[in-house]
Amino acid sequence: MGGVRRYPAELVLLTGVVLLLALGGLAWLCSAVVTASVLWAGAAAAALVPAVVWVVADLRAGRWGADLLAVLALGGTVAVGEYLAGAIIAAMVATGRMLEAGAARRAGRDLSALLERAPSRARVRSGAEVEVVPVAEVAVGDVVVVLPGEIVPVDGVVLDGGQFDESAVTGEAVPISRTAGEPVRSGVVNAGGAADLRATATAEASTYAGMVRLAEQAAVDTAPVARLADRIAVWFLPASLLIAAVAWVLTGDPERAVAVLVTATPCPLLLAVPVAVTGGLSRASRSGVVVKGGAALETLGRVRSLAMDKTGTVTAGRPEVVDIVCAPGVRPDEALAEAAAVERYSPHVLAGAVLRAARRAGVTPPAAESVTERAGHGASGIVEGRPVWVGKLEDATVLPPWAAGAARRGRLDLATVIWVVTDDEPYAALLVRDRVRPDAARTIRRLRAAGLWHIVLLTGDRVDNATEVAALLGLDEVKAEAAPADKITVVRAEREHGTTAMVGDGVNDAPALAAADIGIALGSRGSTAAAKEADAVIVDDRIDRLADAVEIARRARRLAVQSAGLGTLLSVAAMALAAFGLLVPVAGALVQEAIDVAVILNALRAVRGPMTWRPPARPTVLLRRFADEHETLLPTRAAVRRAADALAEGAGPAADEAVREAHRLLTDRLLPHEFAEETQLYPALAGVLGGPESTMTMSRAHTEIERLVRRLGRHLAEAPAGIQPDQVDDLRATLYGLDAVLTLHFTQEEEAYFTLAPRVRD
34 MGGVRRYPAE LVLLTGVVLL LALGGLAWLC SAVVTASVLW AGAAAAALVP AVVWVVADLR
94 AGRWGADLLA VLALGGTVAV GEYLAGAIIA AMVATGRMLE AGAARRAGRD LSALLERAPS
154 RARVRSGAEV EVVPVAEVAV GDVVVVLPGE IVPVDGVVLD GGQFDESAVT GEAVPISRTA
214 GEPVRSGVVN AGGAADLRAT ATAEASTYAG MVRLAEQAAV DTAPVARLAD RIAVWFLPAS
274 LLIAAVAWVL TGDPERAVAV LVTATPCPLL LAVPVAVTGG LSRASRSGVV VKGGAALETL
334 GRVRSLAMDK TGTVTAGRPE VVDIVCAPGV RPDEALAEAA AVERYSPHVL AGAVLRAARR
394 AGVTPPAAES VTERAGHGAS GIVEGRPVWV GKLEDATVLP PWAAGAARRG RLDLATVIWV
454 VTDDEPYAAL LVRDRVRPDA ARTIRRLRAA GLWHIVLLTG DRVDNATEVA ALLGLDEVKA
514 EAAPADKITV VRAEREHGTT AMVGDGVNDA PALAAADIGI ALGSRGSTAA AKEADAVIVD
574 DRIDRLADAV EIARRARRLA VQSAGLGTLL SVAAMALAAF GLLVPVAGAL VQEAIDVAVI
634 LNALRAVRGP MTWRPPARPT VLLRRFADEH ETLLPTRAAV RRAADALAEG AGPAADEAVR
694 EAHRLLTDRL LPHEFAEETQ LYPALAGVLG GPESTMTMSR AHTEIERLVR RLGRHLAEAP
754 AGIQPDQVDD LRATLYGLDA VLTLHFTQEE EAYFTLAPRV RD
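Take any residue in the sequence shown, note its place counting from 1, add 33, and you have its number in this note's numbering.
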């Protein structure tokens, strides 16, 4: 048998009060005045009893506010026999309570995700045998075996080296190689082959358990947010009581005091504020942000300082191949195809970057045989009859000039270099980097415009990477190589200067999310632990939703304050009329109803807009199309840089071939893309962005790109038999200039236009 369905207490109260009020009205129409009075008195009493309970609970907790006035008004109407006025007030109080319960119910601090992720068992090696034991039984000095893809259960040192995905603890996107004797923290994932670790701490004393305790402590230390209605009622309540007392003393008529209290019933606070907050919650949800309750929305509307994680928050959270540097005579598409052939069988995160690059370039990897992987170093295989190694080089490897230049570029660009090697000779270098999200810069600008004055990048990543990202986005401060405890320290320091939000997506961010006044998690690819600890969750993979949420919260809070303030002023005016005997209690209740309608209509503006702007259907389709084309044009852009680099050795067959290949790709692929943007995308955007001037700077960039390509073509036309030595300097200047213009233009389009429409990424 099914259980009895239970309804929320607030709904039961509202239903009962409205029913008694309606039945009393029906009895009064039938001339059953006594019955009507009894029913109305019952409605008032039904609301009075729980209201007294709420007030007593608040007073015991050291709080007092809007509910106390409701109790006085309800008690006053019953005491002087104004039962209809009491029933009307009861209906308003019950409605406000139900709305507030629905809007302000805050999600508890749930640590279940952190706890569920923690391994419950571990593999302990004893001689040649491996025994599975409860993780609590692992002792310091035990040898623990961690299989590929498993979470390290305890802190330890690696015995034979290994590869570990530490993003859950440090935020570092690229897996880290640990050599024999290096420490490995619990909570990280084994990204290589099976690894042996010697435990240096028990599970209870390890890093991951400490993160759980940090999150618990941070949640306890985070003070609850007072209701906006109570903050206004702090001064409104004494003022109302003073006016009522003066009216009673001067006239000797207790009914006037009751009339004052009736008109002073804080329904604009009890109704308008929850309506505005509920409207803000609804709008935020429609914009892709789930805010866990009215208190969280109020807090978000007051944020002045923001701490942001880097990896997966302002960066894409996964490495991508950003350039390919090849030995003389080697084609980039051939090198990429052979690297992808070997990496196709690897679970390594960098292998995924290689495969995505091959897919974007339209390269089909050949078959690879005898593929083996050396954890933390790379993979090898036989591709079309020759051995191919993809990964790191041995420390003693002597690099040829082109490879030394590639290694230097990797250091300068803060990129990881994946080498492609055959017969112990490197012939290509793939530069891999975690790219900044194209919508991150726009988001920061919008947050600044919304009133955030201090934005901190708070990450466990390296200092150089973090500093570069912060500089690109114009952030105020950087805290790099930050452990979870460091993040909590920074967040708490920020809270001393104003309401602070924390944004992150990793398990390592969960304690800081709990420590902030409001934590915001990216939920689509972020960890469940971060989403559970957060007060708001961005449900898709767009960081610009953060700016949407802040703008919506600010507007909802502004409308809530405006509605409460307007209603309070009108109530003060009505109290003055009641004090002079111009309003009896029933009339005062009706006037209060009119005030409620006015302020609620104003608060409802939070529900109906304006919504965050998104482009119409046709521009959206075009934006997605050209954004995808940007991905496929990456090899063309890389060919321009390679051609310029090839000229470093002077004129020659290899340089001539590289320049002609770059010109061919520019003519066949890039210029048609630019022409289509100019004739299709930009006119469509001009119609929604306010006219052709909105795209004029981008059109000017197209003109410059076309000019440089024509100049390149004229150079080649003057040297049909091969580039001449006197052309080299000007050709290099043309190619490097074209590379710079393309890089800037593509970045501007991606930030200014393509971020307007959601994209589906592979």
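Virtual Cβ for every residue (Gly too), placed ideally from N, Cα, C.
3 or more residues per run - each beta strand (DSSP E) lying fully within the segment 487-551 | Within the segment 487-551, the beta strand (DSSP E) runs of at least 3 residues that lie entirely inside it are, in chain order, 487-491, 510-512, 533-537.
With a floor of 3 residues, list each beta strand (DSSP E) that falls wholly inside the segment 306-376, ordered by position along the chain.
-> The segment 306-376 contains these whole beta strand (DSSP E) runs: 322-324, 338-341, 348-359.
So Leu592 packs on Arg638, CB below 8 Å; how close in whole Å?
-> Indeed they touch by this definition, with Cβ atoms about 6 Å apart.
Hey, Val375 and Val421: beta-carbon distance below 7 Å or not?
-> One thing to note: Val375 has its Cβ within 7 Å of the Cβ of Val421.
Which residues share a DSSP beta bridge with Ala449?
-> The sequence as given places Thr at residue 449; Ala does not occur at that position. Bridge partners of Thr449: Val465.
Provide the residue(s) that pair with Gln196 in DSSP beta bridges, ordered along the chain.
-> Paired residue(s): Ser210.
Pair within 7 Å by beta-carbon distance, Val171 and Ala234 | No.
Taking Cβ to Cβ, would you say Ala516 is nearer than 7 Å to Ala499?
-> Between Ala516 and Ala499, the gap from beta carbon to beta carbon reaches 7 Å or more.
Using a Cβ-Cβ cut-off of 7 Å (strictly less than) and excluding sequence neighbours within five positions of Val308, which residues of its own chain qualify?
-> Within the same chain, Leu132, Ile633, Ala636, Leu637 come within 7 Å of Val308 by CB-CB distance, once the 5 residues on both sides are set aside.
Buried or exposed: where does Met731 fall if 16 or more other Cβ atoms within 10 Å of its Cβ makes it buried?
-> A residue is called buried when at least 16 other Cβ atoms come within 10 angstroms of its Cβ; Met731 meets this threshold and is buried.
Alpha-carbon to alpha-carbon, Asp689 and Leu383 = Roughly 33 Å separates the two Cα atoms.
Does the separation of the CB atoms of Ala440 and Val358 fall below 7 Å?
-> Judged by their CB atoms, Ala440 and Val358 are not nearer to each other than the 7 Å cut-off.
Taking the C-alpha atoms as reference points, what is the distance between Ala256 and Arg351?
-> Confidence is the limiting factor: at Ala256 the pLDDT is only 39, short of 50, which leaves the residue's position unreliable, though a coordinate-based value still follows. Rounded to whole angstroms, Ala256 to Arg351 spans 36 Å at the Cα level.
Would DSSP call Val163 helix, strand or coil?
-> Three-state result, Val163: strand.
Have a look at Ile122 and Ile553 and give me their C-alpha separation to the nearest angstrom.
-> The alpha-carbon atoms of Ile122 and Ile553 are separated by roughly 38 Å.
Taking Pro361 as the reference, give the member of Ala681, Leu722, Leu274, Ala373 with the closest Cα.
-> The shortest Cα separation from Pro361 among Ala681, Leu722, Leu274, Ala373 belongs to Ala681.
Would you list the one or two residues that DSSP bridges to Ile571?
-> Paired residue(s): Val322, Leu555.
Ends of the beta strand (DSSP E) at Ala586?
-> Premise fails: Ala586 lies in the alpha helix (DSSP H), 577-612, not in any beta strand (DSSP E).
Can you give the beta carbon distance from Arg156 to Val190, rounded, assuming they're within the 8 Å contact cut?
-> 17 Å between Cβ atoms; not a contact.
Who pairs with Asp229 in a beta bridge, going by DSSP?
-> According to DSSP, which records beta bridges pairwise, Asp229 is partnered with Val178.
Taking the C-alpha atoms as reference points, what is the distance between Asp193 and Ala228?
-> Using only the alpha carbons, I get a separation of about 7 Å.
What is the rounded straight-line gap between the Cα of Ala483 and the Cα of Thr601?
-> If I take the Cα positions, the gap works out to 27 Å.
What residues are listed by DSSP as bridge partners for Gly424?
-> In the DSSP assignment, the residues bridged to Gly424 are Gly411, Trp452.
Can you name the start and end residues of the beta strand (DSSP E) that Val221 belongs to?
-> Val221 -> no beta strand (DSSP E), and no H or E assigned at all.
Beta-carbon proximity list for Ala606, same chain, < 8 Å, skipping 5 on both sides | Within the same chain, Ala606 has no close Cβ partners at all.
Does the separation of the CB atoms of Val322 and Ala582 fall below 7 Å?
-> Ala582 is positioned such that its CB atom lies closer than 7 Å to that of Val322.
Alpha carbon to alpha carbon, what distance is there between Ala340 and Thr346?
-> Rounded to the nearest angstrom, the two C-alpha atoms are 11 Å apart.
Looking only at its own chain, which residues have a Cβ that is under 7 Å from the Cβ of Pro83, when we skip the five neighbours before and after it?
-> Contacts found: Leu46.
If you draw a straight line from the C-alpha of Ala60 to the C-alpha of Ala77, how long is it?
-> Roughly 16 Å separates the two Cα atoms.
Exposed unless 16 or more other CB atoms sit within 10 angstroms - verdict on Arg726 | One detail in the question is off: residue 726 reads as Glu in this sequence, not Arg. Under this definition Glu726 is an exposed residue.
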